[in-house]
Amino acid sequence: MKYLKKIFVSSVIMSSVAYAEFVSDIHIGISNAKVLDESYTEFNGGYGFNKYFDSNIVVGTSINFAYGNPNVNSKNIDVYTLSGDLKIGYAIFNQDLFVYTIGSGALQGIDNKDGAGFGYGAGADYRITKNIALNFEYKIYNMTSSRFDYDYEKANLNLKYTF
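Throughout the sequence shown, residue numbering follows mature numbering (1 follows the signal peptide of the UniProt record, and there is no 0), covering -20 to -1, 1 to 143 in sequence.
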């Protein structure tokens, strides 16, 4: 009986993930970011992909690049950020809405000083059409540089083209 139960559970799990739709995207957007206690606007873009399973579970990843120019201590500085996200979540409403959690890593250049860190967050994609989606994400990073540790927060609003 235990053997039949294991076969049944394995069959259910395998059938729920047997079919998966693979969706790639390119995205551009704008972010409200905060670094070194200064809020500023960032412009960002990137590439990502999500895998939609029959069970409506979605896993994905994306690579993003962002640029901003905050005024810190009465001086404009350049902030460049390269980040990678891992996402897992759930799609509802015929996969028109995807709500997910994020684990992220970032490399950042602030006025010729390098930093790196890990972060977490949450996000949502809403499909406007079959190929266009509106994306919102909020992420918090704990960053470390050779001179100091700092926090980096950002709220993204992106427009995605999926293919």
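Ideal Cβ placement from N, Cα and C applies to all residues, glycine included.
Since the model is a prediction, treat every value here as computed from it, not as a measurement.
- Message: Any contact between the segment 66 to 79 and the segment 50 to 58? By contact I mean 3 or more CB pairs, one from each, below 8 angstroms.
- Response: Using a C-beta cut-off of 8 angstroms, the segment 66 to 79 makes no contact with the segment 50 to 58, since fewer than three inter-stretch Cβ pairs fall below that distance.
- Item | Cβ separation of G26 and S42, assumed to be a contact under 8 angstroms, to the nearest whole Å | Confirmed, Cβ separation roughly 5 angstroms.
- Item | Three-pair Cβ contact test at 8 angstroms for the segment 117 to 124 versus the segment 32 to 41 | Not touching, per the Cβ criterion.
- Who are R107's beta bridge partners in DSSP? DSSP output for R107 lists A113 as bridge partner(s).
- Expressed to the nearest angstrom, what Euclidean distance is found between the alpha-carbon atoms of N138 and V3? One C-alpha to the other measures close to 16 angstroms.
- Contact under 8 angstroms by Cβ, Y132 with V15: The answer is yes: Cβ separation under 8 angstroms.
- Is I(-14) helix, strand or coil by DSSP? DSSP places I(-14) within a helical segment (H, G or I) once states are collapsed to three.
- Query: By Cβ distance below 6 angstroms, which residues in the same chain neighbour E22 in space, the five residues on each side in sequence not counted?
  - Reply: Excluding sequence positions up to five before and after E22, its CB lies within less than 6 angstroms of the CB of S11, A13, A46 and G48, all in the same chain and listed in chain order.
- Message: Tell me the residue span of the beta strand (DSSP E) that contains Q88.
- Response: Counting along the chain, the beta strand (DSSP E) containing Q88 begins and ends at L77 to I90.
- Is the beta carbon of D58 less than 8 angstroms from the beta carbon of D91? Between D58 and D91, the CB-CB gap stays under 8 angstroms.
- Item | Same chain only: Cβ atoms within 8 angstroms of residue 220, ignoring 5 sequence neighbours per side | Nothing about residue 220 can be read from this structure; the chain reaches only from -20 to 143.
- Item | Distance, R127 Cα to G83 Cα | Taking the straight line from one Cα to the other gives about 25 angstroms.
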